[in-house]
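Novice: According to the UniProt record's numbering, the sequence shown holds residues 1 to 197 in order.
One structure, pasted below without further comment.
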Amino acid sequence: MPAMNNILSKWIPVFERSRSLALVYSGMYLGSVTGLALSHALIHKFGWPSVFYSFGSLGSIWPNSTQLLTASYDKSVRLWDASNPSYCLQAYNGHTSHVISLDFHPKKNDMFCFCDSDNEIRYWNISPFSCTRVSKQRGNSQVRFQPISGRLLAATSDTVVSIFDVETNMQHHSFQVWHLMLFIRDTTTWLTTYVGI
Numbered sequence: 001m002p003a004m005n006n007i008l009s010k011w012i013p014v015f016e017r018s019r020s021l022a023l024v025y026s027g028m029y030l031g032s033v034t035g036l037a038l039s040h041a042l043i044h045k046f047g048w049p050s051v052f053y054s055f056g057s058l059g060s061i062w063p064n065s066t067q068l069l070t071a072s073y074d075k076s077v078r079l080w081d082a083s084n085p086s087y088c089l090q091a092y093n094g095h096t097s098h099v100i101s102l103d104f105h106p107k108k109n110d111m112f113c114f115c116d117s118d119n120e121i122r123y124w125n126i127s128p129f130s131c132t133r134v135s136k137q138r139g140n141s142q143v144r145f146q147p148i149s150g151r152l153l154a155a156t157s158d159t160v161v162s163i164f165d166v167e168t169n170m171q172h173h174s175f176q177v178w179h180l181m182l183f184i185r186d187t188t189t190w191l192t193t194y195v196g197i
């Protein structure tokens, strides 16, 4: 864990380090809790070696990207070279409001999207580094692509969660919630509300 501080100090700009540290350390604990919960079910159903085979195979299918994307309250989005963390590949500073959340497409490695506090969702290509579409749909808190296929996009704005088709930009569902928690459960069910709809 001490090495993580050194890595983040070289990869992440100064004004984004506290958020990055919080995400990395909370992700490590979330991974431990999830792994322990899944291990019990795997051992019970398939025996103790299944734990090692399951988690080991996850490493082989995990995306092996050499790029890192950051967004910040300074109204910028930056693409970094992970093998040379001091080198910013591209930067976009044309926003009039804060960039809140971003996500890479799970299948199209050169596509990502992000939302800002003006309820704009922007879809970008990495090569060439350009905005392909701007959507004025609700999305000022968080955006997440559907895992594995990436056909749908979940966007949150205040207490509304909206599900959009990525290709047509048509809204499929809209949920009113009091408090929400987004997490990945499987390929079809990927949005869960915490307190109520």
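No residue lacks a Cβ here, since even glycine has one placed at the ideal position from N, Cα and C.
Here the structure is a predicted model, which is why all the values come from computation and not from measurement.
When the Cβ atoms of the stretch 139-154 are set against those of the stretch 109-124, are three or more pairs found closer than 8 Å?
Specialist: At 8 Å Cβ cutoff, the stretches touch.
Novice: What residue range is occupied by the uninterrupted alpha helix (DSSP H) comprising A37?
Specialist: R17 to F46 is the span of the alpha helix (DSSP H), which, as asked, contains A37.
Novice: Taking C-alpha atoms, which residue in T168, T159, D165 and K108 lies nearest to C148?
Specialist: Just to set this straight, residue 148 is Ile in the shown sequence, not Cys. Comparing Cα-Cα distances from I148 to each of T168, T159, D165 and K108, the minimum goes to K108.
Novice: Can you tell me the Cβ-Cβ gap for V51 and I43, rounded? I've got them flagged as a contact below 8 Å.
Specialist: Yes, they are in contact, since the Cβ atoms of V51 and I43 sit about 6 Å apart, within 8 Å.
Novice: Which residue's Cα is closest to the Cα of M146: S162, D158, V134 and Q67?
Specialist: A quick correction: the sequence has Gln, not Met, at residue 146. Among S162, D158, V134 and Q67, the Cα nearest to that of Q146 belongs to S162.
Novice: With a threshold of 16 other CB atoms inside 10 Å of the CB of I7, please say whether the residue is buried or exposed.
Specialist: With fewer than 16 other Cβ atoms within 10 Å, it is exposed.
Novice: Please state if the CB of H172 and the CB of D165 are separated by a distance shorter than 8 Å.
Specialist: Yes, they are a contact pair.
Novice: Does DSSP classify N6 as helix, strand or coil?
Specialist: Helix, per DSSP.
Novice: Just the Cα atoms here: how many angstroms apart are K45 and P106?
Specialist: Distance between the alpha carbons of K45 and P106: 30 Å.
Novice: With a threshold of 16 other CB atoms inside 10 Å of the CB of V70, please say whether the residue is buried or exposed.
Specialist: With the sequence shown as reference, residue 70 is identified as Thr, and Val is not the correct amino acid for it. Buried.
Novice: Going by beta carbon distance, what residues of the same chain come within less than 8 Å of I100, once the five residues before and after it are set aside?
Specialist: So the qualifying residues of the chain are A71, F114, C115, D116, S117, N140, S141 and Q142.
Novice: Mind reading off the beta-carbon distance from L102 to V77? Whole number of angstroms is fine, and I expect it under 8 Å.
Specialist: Sure, about 7 Å apart at Cβ, within 8 Å.
Novice: Sorted by chain position, which residues of the same chain lie with C-beta nearer than 6 Å to Y25's C-beta, five sequence neighbours on each side aside?
Specialist: Hits under 6 Å: none found.
Novice: In three-state terms, what does DSSP make of N160?
Specialist: Before going on, a small fix: residue 160 reads as Val here, not Asn. DSSP places V160 in strand when its eight states are reduced to three.
Novice: Out of curiosity, what's the CA-to-CA distance linking R19 and S54?
Specialist: Rounded to whole angstroms, R19 to S54 spans 31 Å at the Cα level.
Novice: On the three-state DSSP scale, how would you describe V166?
Specialist: It is coil, neither helix nor strand.
Novice: Roughly how many angstroms separate the alpha carbons of F15 and L21, rounded to a whole number?
Specialist: Distance between the alpha carbons of F15 and L21: 12 Å.
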